[in-house]
Amino acid sequence: MSEARVLVAGCGALGNEVLKNLALLGIGEIGLIDFDVVESSNLARCVFFREGDIGKLKAEVAAKCIRELNPSVKTKLLIADIVTQVGAGFLEAFDVVIGCLDNIAARYKLNRLCRMAAVPWINGGIDEFCGQVSLFYPDESACYECTITTSMWQRMYERNSCLLPSPRRTKMPIATTAILASLTAALQVQEAIALLQAPTQSQPWPRMAGGEQLSLRVSPYEMSVLHLKRNRECMAHWGTAPAIGLSATSRQMTLTDLLARNEMQSLEVDWDIAEALECPTCGREEVARPAWKIEDSDLACPHCGEQRRPHWINRIDRNSFPAKSTLADLGIPNGAHFWMTSCTGTVHHAKLPLEETL
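Heads up: the sequence shown begins at 25 in our numbering, then just goes up one per residue.
1. Along the alpha helix (DSSP H) that carries Arg136, what are the first and last residues, could you check?
2. According to the neighbour-count rule (16 or more other Cβ atoms, all chains shown, within 10 Å of its Cβ), is His261 buried or exposed?
3. State yes or no: is the C-beta of Gln289 within less than 9 Å of the C-beta of Leu283?
4. Check Phe362 in the structure and name its three-state DSSP category.
5. DSSP state of Phe114, grouped into three classes?
6. Does the stretch 360 to 370 come close enough to the stretch 98 to 114 to have 3 or more Cβ pairs within less than 8 Å?
7. What is the rounded straight-line gap between the Cα of Arg285 and the Cα of Ala272?
8. Assuming the contact rule is C-beta atoms closer than 8 Å, Lys375 and Leu270 should be a hit. Round their C-beta distance to whole Å, please.
9. DSSP on Ser26, reduced to helix/strand/coil?
10. When the Cα atoms are used, what is the spatial distance from Arg74 to Asn338?
11. Can you tell me whether Asp77 is buried or exposed, with buried defined as 16 or more other CB within 10 angstroms of its CB?
12. Between Phe118 and Gly234, is the Cβ-Cβ spacing less than 9 Å?
13. For a minimum of 3 consecutive residues, which ranges assigned as the beta strand (DSSP E) are wholly contained in the stretch 51 to 132?
14. Enumerated in chain order, which unbroken segments of the beta strand (DSSP E) with a length of 3 residues or greater are wholly contained in the stretch 258 to 327?
15. So, with DSSP's three-state summary, where would you put Ser165?
16. So Gly155 is in the alpha helix (DSSP H); what residue range does that whole segment cover?
17. Return helix, strand or coil for Met176, following the three-state DSSP convention.
18. So what's Arg193 in DSSP terms, helix, strand or just coil?
19. Taking Cβ positions, are Tyr245 and Met180 nearer each other than 9 Å?
20. Determine which residues share a DSSP beta bridge with Leu376 and list them.
21. With DSSP run on the structure shown, which of helix, strand or coil describes Thr201?
22. When the Cα of Gly39 is compared with those of Asn94, Ala28, Gly123 and Met25, which residue comes out closest?
23. What is the rounded straight-line gap between the Cα of Leu67 and the Cα of Val120?
24. For the stretch 246 to 257 against the stretch 315 to 334, are there 3 or more C-beta pairs whose distance is under 8 Å?
25. Considering only their Cβ atoms, is the gap separating Leu238 from Leu220 smaller than 9 Å?
26. What is the DSSP secondary structure of Pro346, counted as helix, strand or coil?
27. Would you mind reading off the limits of the alpha helix (DSSP H) that contains Gly39?
28. What is the rounded straight-line gap between the Cα of Asn45 and the Cα of Thr278?
29. Between the stretch 83 to 98 and the stretch 339 to 353, do at least 3 Cβ pairs fall closer than 8 Å?
30. Is Leu238 helix, strand or coil by DSSP?
31. Relative to the C-alpha of Asp17, which residue among Thr174, Met364 and Ser158 is closest?
32. For Glu330, which of helix, strand or coil comes out of DSSP?
33. Looking at the secondary structure, which residues open and close the beta strand (DSSP E) in which Met232 lies?
34. In its own chain, which residues sit with a C-beta less than 6 Å from the C-beta of Met9, not counting the 5 before and 5 after it?
35. Quick one: what's got a C-beta closer than 6 Å to Ala347's C-beta in the same chain, skipping five residues either side?
36. For Leu211, does the three-state DSSP call read helix, strand or coil?
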């Protein structure tokens, strides 16, 4: 266990319990990803948080408690939003990732990152009476994205859409209890230990198979295992070629320079970028910003006040206006993996170097 490196995404109620268990087991290095701060509502659900921690970063408070619980454990923090600020390169240093997230968009992104980094991950989720644990490998078995239903896609798009009024984009709280978080976290850590002891599915060690989901209900008591079905149209399974390492970081060059230097024509990302904002009266303003940097105030035309509509793109040509921006301005963090297409149509998998200042 002292040689193991485990990354925990999310430091809320579930994440607290997972981190506590990993520290007690003496995991060599524990990574923590979270950008949120401790609130008063967290105190009754999270073992590490105290009243004096309100307003402090969850990851920093949790890391301090881990070191107090087991000084031999090293911690590595990334204060970042996993949806918009984390590159797959950060995950490559870990043996397994444990997801303790509370929304579809974050799980979708973590699934993509783990597949790009070729790292298995264990998803956990809880509600008032049920906990679920799923194991996902970066192989041909079912992944988290395979399980996203039409209604889940709709909820994710609604939450992220800048066309919706701010109240509709507010995160809806999910009722959690410390007991259910503890039970679910214990199962997640048990699976992580099994993975660390027997990293390949062919090795004889009792654990879940890739693409399996374990559900635990406490009212009434019930435990079941579901074999998740692979979606043959799942985009997360598309392309697993080794990545070409690039030398420049996300703030050091424009996309035009990157594509020209590597003799590529375009770059594709898995999020929406606003190429322009269009007013029906005043016309089009080029902006080149990722969706999460478009505020409600941006949608009001500064000249006439009418509602403007973003023009979204996912593929950026090297001669387009957005390509004049740096990779960071387009929402591409250090350590990111992405796809570039040559003038002949050949697709190449590439990645940026990782910097600790991400």
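Think of the CB as a built atom: it goes at the ideal place given N, C-alpha and C, for glycine as much as any other residue.
All of these numbers come straight from a predicted model, not from anything done at the bench.
According to the data block:
1. Ile128 to Ala141
2. buried
3. yes
4. strand
5. helix
6. yes
7. 11 Å
8. 7 Å
9. The answer is coil: DSSP assigns Ser26 none of H, G, I, E or B.
10. 43 Å
11. Buried, since its Cβ has 16 or more Cβ neighbours within 10 Å.
12. no
13. Taking 3 residues as the minimum length, the beta strand (DSSP E) runs contained wholly in the stretch 51 to 132 are 53 to 57, 98 to 102 and 120 to 123, in order along the chain.
14. 288 to 303 and 307 to 314
15. coil
16. Element bounds for Gly155: not the alpha helix (DSSP H) but the beta strand (DSSP E), Cys154 to Phe160.
17. helix
18. Confidence at Arg193 is low in this model, with a pLDDT of 44, below 50, so its placement is unreliable and the value that follows should be read with caution. Helix.
19. no
20. The secondary-structure analysis by DSSP pairs Leu376 with nothing; it has no beta-bridge partner.
21. Of the three classes helix, strand and coil, the one that applies to Thr201 here is coil, per DSSP.
22. Gly123
23. 28 Å
24. no
25. Against a cut-off of 9 Å, the Cβ pair of Leu238 and Leu220 comes out as no contact.
26. helix
27. Ala37 to Leu49
28. Taking the straight line from one Cα to the other gives about 44 Å.
29. no
30. strand
31. Coverage of the chain is limited to positions 25 through 382, which leaves residue 17 absent and any answer about it impossible.
32. coil
33. Counting along the chain, Met232 falls outside any beta strand (DSSP E), and DSSP gives it neither H nor E.
34. Residue 9 lies beyond the range of the chain shown here (25 to 382); nothing can be said about it.
35. Leu279, Thr280 and Ile340
36. helix
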